[in-house]
Amino acid sequence: FNDQGRISGRAQSAGRPISPADFNRIIDLGLDTNGSLLPRVDEAGTGFQDEQAPFEFEPSRDRVSYIGSRIVRDRIFRRIVLRAYDERCAITGLKLINGGGRAEVSAAHIRPVEANGPDIINNGIALSRTAHWMFDRGLISLSDD
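Mapping of the sequence shown onto the working numbering: position 67 corresponds to residue 116, and the numbering continues sequentially without gaps.
Below, the structure is given as structure tokens:
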């Protein structure tokens, strides 16, 4: 508790400051310098005695050419959906920004692309990766309420 009898940030911390003398005592007691507890043994020939087998590369694999088709998505869709939701997950309310400054949410289609869902703001919702996965599998859903 602080001077006003309330919990302060210091009381909630996982550690507390210690004096240099306490630190040195911990080091002296924790690090045995005479080696009696864990004596060092320099044994020659430790380790595996087997001769190392040569590394064998996997034989080359056949390549198969194929032609695929998929629906072209609008690159701007993600940007406008995330801007509309302030880069915040609509389900959890979390706004996570990675080390590169990019939001860790995705722009999900309310009506799926496979069902001809358009790349427009009215068909988008910002979801965390987990919420997006759950939404795509029907574990969570949206209603008009």
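Glycine included, each C-beta is placed from N, C-alpha and C at the ideal position.
**Message:** With H, G and I counted as helix, E and B as strand and the rest as coil, what does DSSP make of residue 154?
**Reply:** In the structure shown, the three-state DSSP call for residue 154 is strand.
**Close Cβ partners of residue 127 (< 8 Å) along its chain, the five nearest in sequence each way excluded** = Only 155, 156 meet the Cβ criterion.
**Asked** Excluding sequence positions up to five away, which residues of its chain have a Cβ less than 7 Å from the Cβ of residue 181?
**Response** Taken in chain order, the residues that qualify are 155, 157.
**Asked** Taking C-alpha atoms, which residue in 185, 132, 186, 165 lies nearest to residue 121?
**Response** Comparing Cα positions, the closest option is 165.
**Item:** Cβ neighbour criterion (16 or more within 10 Å) applied to residue 175
**Value:** Residue environment: residue 175 is assigned as buried (16 or more neighbouring CB atoms within 10 Å of its CB, all protein chains considered).
**Message:** Judging by CA-CA distance, which residue of 53, 170, 116, 135 is the nearest neighbour of residue 153?
**Reply:** Looking only at 53, 170, 116, 135, the smallest Cα-Cα distance to residue 153 is reached by 135.
**Asked** What is the residue span of the beta strand (DSSP E) that residue 2 lies within?
**Response** Since the first and last residues shown for the chain are 50 and 194, residue 2 lies out of range.
**Message:** Going by DSSP, what residue range makes up the alpha helix (DSSP H) through residue 75?
**Reply:** Start and end: 69-79.
**Request:** Mark residue 168 as exposed unless 16 or more other C-beta atoms lie within 10 angstroms of its C-beta, in which case mark it buried.
**Result:** Counting Cβ neighbours within 10 Å, residue 168 comes out buried, since at least 16 surround it.
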